[in-house]
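Inspection log for the structure reproduced underneath, given as structure tokens.
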Amino acid sequence: MSLLARLSTTRLLLGCLVFLGSCTFQKEKKEETQEKASISKEEEYSQLLASGLQQLTNWTRYWKTQEPSFDIAGFQISREIPYETLEWPEENFIQQEHPLFKYLVPNPDGQGVVDIYSYKVVRPEEAQVSFNPDSEVIYFKSNGMRERLMFMGPSGGFEEAIWVSPDHLMVAGFFEEENGITPKIWLIIPNEQKYLTFKHPLHTTNYPKTGYLTKKLQNIDFSNGAN
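Sequential numbering of the sequence shown, starting at 1129, is according to the numbering used here.
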């Protein structure tokens, strides 16, 4: 092989090595950027969780009285779950004279209010107050639409809700698993149609499913046998 041919081959090999090295660097850089973004997102959710729990002292204190081993530091991100938007035109029926009006959770940016109790608490006009076995998180939006953010069957319940930012609604409650009832946190992001669940290692068989609600909703008479 002539000297010129060998030089051309060497240059070609060097060019390929440089190209491959560049591609590897770009791939590693992209993966590093994605990893950092993921970590940053997880940190953001953890900060929102901590902020919300600091404001839900009545709820955390109630769980502590029921189970002394309960510790808010035990919550960990579990899953991210997308959901389909389910909404229809309906004005908010919970007005100022309604006993649940004071428990509505206004969006900080004025985009509407959230209700987690009206589906659960059944108040017939001429019958005893009772609890629906199912629960629902309702968002009465400022545009006149009613959106169901979450629905829960008899296996769980929603006890508190708070906007930890204009885009993030934190709901606190419980869920019944094989090992017993465990405290649960849901971080709902309506604009992205998804929510995150936060699990806790605590499980108990002694938690009263409607105990927190009867204690909080003091302007409703539950003495007639609601359970």
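From the three backbone atoms N, C-alpha and C, an ideal C-beta is built for every residue, glycine too. Values in this document were obtained by computation on a predicted structure and should not be read as measured data.
Whether residue i touches residue j by CB criterion (8 Å)
i, j, result
"serine 1263", "glycine 1285", "yes"
"leucine 1176", "leucine 1277", "no"
"leucine 1232", "valine 1242", "yes"
"glutamine 1183", "isoleucine 1317", "no"
"proline 1329", "glycine 1238", "no"
"glutamine 1321", "threonine 1213", "yes"
"threonine 1325", "arginine 1207", "yes"
Environment of residue i [buried if 16+ CB atoms lie within 10 Å]
i, result
"glutamate 1088", "Outside the shown range of the chain (1129 to 1355) lies residue 1088, about which nothing can therefore be said."
"lysine 1312", "buried"
"valine 1250", "exposed"
"proline 1336", "exposed"
"glycine 1180", "buried"
Nearest candidate by alpha-carbon position, reference residue i, set the options
i, options, result
"phenylalanine 1268", "Gly1240, Asn1260 and Gly1281", "Gly1240"
"alanine 1086", "Thr1213, Leu1228, Glu1170 and Tyr1245", "Because residue 1086 is not part of the residues shown, which for the chain are 1129 to 1355, the question remains open."
"arginine 1274", "Trp1216, Leu1181 and Gly1202", "Trp1216"
"valine 1210", "Tyr1323, Lys1169 and Ala1201", "Checking the sequence, you will find proline at residue 1210 rather than valine. Ranking the options by Cα distance to proline 1210, first place goes to Tyr1323."
"lysine 1169", "Leu1181, Pro1282, Ile1205 and Lys1192", "Ile1205"
"proline 1234", "Trp1191, Pro1294, Lys1344 and Phe1303", "Pro1294"
"asparagine 1334", "Lys1343, Lys1344 and Phe1302", "Phe1302"
"glutamate 1305", "Thr1332, Leu1297 and Gln1224", "Thr1332"
"glycine 1308", "Glu1195, Ala1178 and Glu1225", "Glu1195"
"glutamine 1346", "Tyr1173, Ile1200, Lys1230 and Glu1172", "Lys1230"
"proline 1236", "His1296, Ser1174 and Ala1178", "His1296"
"threonine 1185", "Ile1200, His1226 and Lys1327", "Ile1200"
Same chain, Cβ closer than 8 Å to residue i, neighbours up to 5 away in sequence not counted
i, result
"tryptophan 1187", "Glu1287, Glu1288, Ala1300 and Tyr1340"
"proline 1261", "Gly1281 and Pro1282"
"serine 1174", "Ile1205"
Beta-carbon separation (whole angstroms), residue i vs residue j, contact threshold 8 Å
i, j, result
"isoleucine 1222", "tyrosine 1247", "Actually they are not in contact, since the Cβ atoms of isoleucine 1222 and tyrosine 1247 sit about 11 Å apart, beyond 8 Å."
"valine 1257", "isoleucine 1348", "6 Å"
"threonine 1338", "phenylalanine 1279", "At roughly 18 Å, the Cβ-Cβ gap does not stay under 8 Å, so threonine 1338 and phenylalanine 1279 are not in contact."
Residue i beta carbon near the ligand FMN (any heavy atom closer than 7 Å)
i, result
"proline 1217", "The model depicted lacks the ligand FMN and carries no ligand whatsoever."
Own chain residues within Cβ distance below 7 Å of residue i, not counting five before or after
i, result
"glutamate 1219", "Gly1272"
"phenylalanine 1350", "Val1257 and Thr1342"
Same chain only: Cβ atoms within 6 Å of residue i, ignoring 5 sequence neighbours per side
i, result
"tyrosine 1190", "Tyr1340"
"phenylalanine 1198", "Trp1191, Lys1192 and Leu1330"
"lysine 1344", "none"
"methionine 1298", "Gly1180, Ile1290, Val1292 and Leu1315"
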